[in-house]
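K.L.:
In UniProt numbering, the protein residues as written are 1 to 223.
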């Protein structure tokens with residue numbers, strides 16, 4: 001008879017093996033293959049989770065928690081520390097591919113996962129605004145949704161055009177993606193894109209946004 005601690009350890013091993021298997025091979029990966037990756041018997045998968053759907057749900061929850069933790073740690077760390085750790089992060093590569101698979105899947109589980117990502121992003125954005133790391137938005141939920149959808153769209157297209165040579169090499173996957181997106185992302189988020197606020201001011205003045213033209217910093221948008 002296994003102890004409760006052994007059961008907990010076995011469950012965690014299976015869950016983590018499933019996260020890596022789903023990230024590298026997709027959500028069609030078999031329970032037998034997941035069990036082999038975890039070096040346990042296939043029967044233990046059903047013993048701990050009951051079904052593949054239940055296993056997937058726990059993997060989703062764990063990935064979201066790790067995504068939130070990684071983002072929170074990045075927000076709290078000094079920029080130098082982030083750049084020393086994130087590009088070569090194996091965990092980052094696992095999360096990247098898992099999120100990619102979920103976004104590309106289009107199933108109810110994938111759509112739910114995307115909505116949860118948006119909810120997590122809103123929390124993180126609120127924290128960053130409170131700490132003065134980013135500027136506030138006139139519509140924080142809309143900004144959170146846009147950022148996640150934009151990021152997921154870029155992720156799907158990037159890997160469609162540049163499929164990883166070895167999806168099991170999570171560190172290299174992370175390094176390659178980071179090398180392509182880091183500079184334009186940071187440049188755009190830090191320095192902006194338009195040289196003047198004319199388009200935004202006109203959009204706000206038209207009332208199309210459904211909000212008053214006054215922004216968080218004044219009556220008009222200025223730089």
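Each residue gets a CB set at the ideal place from its N, CA and C atoms; glycine is no exception.
If you're wondering where the values come from, they're calculated on a predicted model, not measured in any experiment.
Is DSSP giving residue 51 helix, strand or coil here?
P.N.:
Of the three classes helix, strand and coil, the one that applies to residue 51 here is coil, per DSSP.
K.L.:
Using the C-alpha atoms, what's the distance from residue 13 back to residue 186?
P.N.:
Approximately 36 Å, taken between the alpha carbons.
K.L.:
Would you say the beta carbon of residue 146 is closer than 6 Å to some non-hydrogen atom of the ligand GDP?
P.N.:
Because no ligand of any kind appears in the structure shown, any question about the ligand GDP cannot be addressed here.
K.L.:
From what residue to what residue does the alpha helix (DSSP H) around residue 42 run?
P.N.:
That residue, residue 42, is in no alpha helix (DSSP H); it is neither H nor E in DSSP.
K.L.:
Does the distance from the CB of residue 101 to the CB of residue 198 come in under 7 Å?
P.N.:
No, Cβ-Cβ distance for residue 101 and residue 198 is not below 7 Å.
K.L.:
Is residue 130 helix, strand or coil by DSSP?
P.N.:
Residue 130 falls in the helix class under three-state DSSP.
K.L.:
Classify residue 167 as helix, strand or coil using the three-state DSSP reduction.
P.N.:
Three-state DSSP puts residue 167 in coil, outside helix and strand.
K.L.:
Here's the rule: buried if 16 or more other CB atoms are within 10 angstroms of the residue's CB, otherwise exposed. What is residue 167?
P.N.:
Counting Cβ neighbours within 10 Å, residue 167 comes out buried, since at least 16 surround it.
K.L.:
Kindly give me the distance between the Cβ atoms of residue 23 and residue 98, rounded to whole angstroms, as I take these residues to be in contact under 8 Å.
P.N.:
Yes, they are in contact, since the Cβ atoms of residue 23 and residue 98 sit about 4 Å apart, within 8 Å.
K.L.:
Could you check whether the segment 145-155 touches the segment 111-123, counting it as contact only if at least three pairs of C-beta atoms, one from each stretch, sit closer than 8 Å?
P.N.:
Touching, yes.
K.L.:
Count the C-beta pairs between the segment 58-77 and the segment 158-173 that are closer than 8 Å, then say yes if the count reaches three, no if not.
P.N.:
The segment 58-77, when compared against the segment 158-173, does not touch it at the 8 Å Cβ threshold.
K.L.:
What are the start and end residues of each continuous alpha helix (DSSP H) run of 4 or more residues lying completely inside the segment 75-145, in chain order?
P.N.:
List check, alpha helix (DSSP H) in window: 79-85, 90-105 and 108-130.
K.L.:
Can you list, in chain order, the residues of its chain whose CB lies under 8 Å from that of residue 218, leaving out five sequence neighbours each side?
P.N.:
Note that residue 218 scores 40 on pLDDT, short of 50, meaning its location in the model is unreliable and no value can be drawn from it.
K.L.:
Distance, Cα to Cα, residue 139 vs residue 125?
P.N.:
Their Cα atoms are separated by approximately 11 Å.
K.L.:
Sorted by chain position, which residues of the same chain lie with C-beta nearer than 6 Å to residue 58's C-beta, five sequence neighbours on each side aside?
P.N.:
So the qualifying residues of the chain are 15.
K.L.:
Is the Cβ-Cβ distance between residue 173 and residue 88 less than 7 Å?
P.N.:
The answer is no: Cβ separation not under 7 Å.
K.L.:
Using a 10 Å radius around the Cβ and a threshold of 16 neighbouring Cβ atoms, would you call residue 49 buried or exposed?
P.N.:
That one is buried.
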